[in-house]
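As structure tokens, the structure follows; a few thoughts come after it.
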Amino acid sequence: MSTGETQAPRRGRAAKAEAMMNAACEVFGRDGYTRAGMEAIAAEAGVSTRTVYNHFAGGKAELFGAVMAWSSARVRDEQLALLHRYLDPERPPRPADLERDLILLARSWTALMTRFPAHFAMVRQIQAEIGHIPAEVRETWQDEGPRTVVRESSRVFAALAGHGLLDAHGDPARTARHFALLTSGELSQLTFWGSAPLPEAEAAEVITAGVRAFLRAYAP
């Protein structure tokens, strides 16, 4: 068998796996964990239910954990890229530009709710069904997404404090969490994780007010 012949089935399996992950993301986001069925996910992916179980022998819990890890990693990578674009510790902003750059970062983070609607629909469902979500799935979501972003944000805010741009009060992790809560976190709550968007001017006002409150608390 030629290399091309062996690669074709692999590409087919990879495409099928990606289709199942995308389908699961859509179905879990739409129906929630409790009501989502493997049959509906298979139909959405255009594969048989047997195929889904062949990939995820642990059933719905295993699939949900896998799709949350996969989806959270995609959003996390975008968040970290934006963090480094606007707050590069190697090239820190000028003091006069810090507020502007924090606003740009927060607005870019909140825009991810529009770019990844199925992911944030799943987050909404987790919030609504928290008592029914397996604990290991909740931990996977946090480890792959929010906790990783907070760790890297902590490092960045510690570096900004080292440059005299912020006073992290000895706790850059809390500084990072407060920044997220006052900006993208507040907008997430107000828009129900992007399902009920605010008018653009109102959203911009929320972000700006959050950044200014953050700077009042953490100015050097």
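Going by full-length UniProt numbering, the final residue of the sequence shown carries number 220, and the count climbs one at a time with no gaps.
Cβ coordinates follow ideal geometry from the N, Cα and C atoms, glycine included.
All values derive from a computational prediction rather than experimental measurement.
Residue i and residue j: beta carbons closer than 9 Å?
i	j	result
GLU78	ARG115	yes
ALA57	MET20	no
LEU83	LEU165	no
THR110	ILE207	yes
GLY29	MET122	yes
GLY145	LEU182	no
GLY65	THR175	no
PRO89	HIS163	yes
What are the boundary residues of the alpha helix (DSSP H) that includes residue i?
i	result
ASP77	59-86
LEU105	98-115
ARG174	172-180
TRP141	135-144
ILE207	200-218
ARG94	ARG94 -> no alpha helix (DSSP H), and no H or E assigned at all.
VAL52	49-55
ILE130	Taken as a continuous stretch (DSSP letters only), ILE130 belongs to no alpha helix (DSSP H), as it is neither H nor E.
Can you tell me the Cα-Cα spacing of residue i and residue j, whole angstroms?
i	j	result
LEU87	ARG76	16 Å
ILE126	ALA42	21 Å
ALA203	GLY185	12 Å
ARG138	ALA14	26 Å
ALA17	MET38	14 Å
LEU112	ARG74	10 Å
THR51	ALA61	16 Å
ALA219	GLU129	38 Å
ALA217	ALA173	14 Å
LEU160	PRO117	32 Å
LEU215	ASN54	52 Å
ALA158	ARG212	19 Å
PHE192	VAL156	28 Å
GLU136	GLY59	14 Å
ALA201	GLY32	31 Å
Spatial neighbours of residue i within its chain, please: CB distance less than 8 Å, with the 5 preceding and 5 following residues excluded, ordered by chain position.
i	result
ASP101	TYR86, LEU87 and PRO93
Exposed or buried, what is residue i when buried is set at 16 or more other beta-carbons lying within 10 Å of its beta-carbon?
i	result
THR34	exposed
ALA36	buried
ILE133	buried
PRO95	exposed
ALA180	buried
ARG151	exposed
HIS178	buried
ARG91	exposed
Between which residues of its own chain and residue i is the CB-CB distance below 7 Å, once the five residues before and five after are set aside?
i	result
LEU105	LEU82, LEU83, TYR86 and LEU87
SER48	ALA42
LEU190	LEU198 and VAL206
LEU187	THR110, ALA203, VAL206 and ILE207
Excluding the 5 residues flanking residue i on each side, which residues of the same chain have their C-beta closer than 6 Å to its C-beta?
i	result
SER71	CYS25 and HIS119
VAL67	MET21, ALA24 and CYS25
ALA40	VAL27
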